[in-house]
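K.L.:
Got a structure for you, written out below as structure tokens; questions coming shortly.
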Amino acid sequence: MDTAIVASRPSGTGVKGCLRAGENHPVQRAEASDTQVDAADVAVDLDGVRHRLPWPRDKTLVDTLLDAGVDVPHSCREGHCGSCVATLISGEVDIAPNDVLGPEDVADGLMLGCQARPVTDDVHIEF
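Residue numbers are given in numbering that gives the first Met the number 0: position 104 of the sequence shown equals residue 103, and the series is strictly consecutive.
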């Protein structure tokens, strides 16, 4: 079962407002609307640089960044090694089952870039 991670920051704060994930806390999603785009807008903070690019809904974050020429941390690309662990700052992503992150990690906003695909139209991630 895929896991959905939701993160949001209330206006004027640097604190995550809401995180829900895992089988113990299923996330209900609305049906996709006709206005939903085929790619999300993602801001990725990596090594002091913010990268903004479209993130196709059918690609992982690691694949999207590599295709854009961004040297993103990664190794196995299968959810086994943890090289691509990142923090979801805002937005929502689906992550495939993996061998690295436990429920507490997901609750803290951690995700694997090699397993994550966008759900919301705007996503912000930090490596």
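Backbone N, C-alpha and C fix where the C-beta goes; we use that ideal spot for every residue, glycine too. As the structure is a computational prediction, the values presented were derived from the model and not from experiment.
#1: Using three-state DSSP, classify T86 as helix, strand or coil.
#2: I'd like to know if the segment 63-71 and the segment 92-101 are in contact, where contact means that at least 3 CB-CB pairs between them fall below 8 Å.
#3: Express the C-alpha separation of V105 and G68 in angstroms, rounding to a whole number.
#4: Can you tell which of P102, D120, H123, T86 has the C-alpha that lies nearest to the C-alpha of L111?
#5: Can you list, in chain order, the residues of its chain with a C-beta nearer than 7 Å to that of E125? Leave out the 5 residues immediately preceding and following it.
P.N.:
So, to answer that:
#1: strand
#2: no
#3: 28 Å
#4: T86
#5: D44, A85, T86, I88
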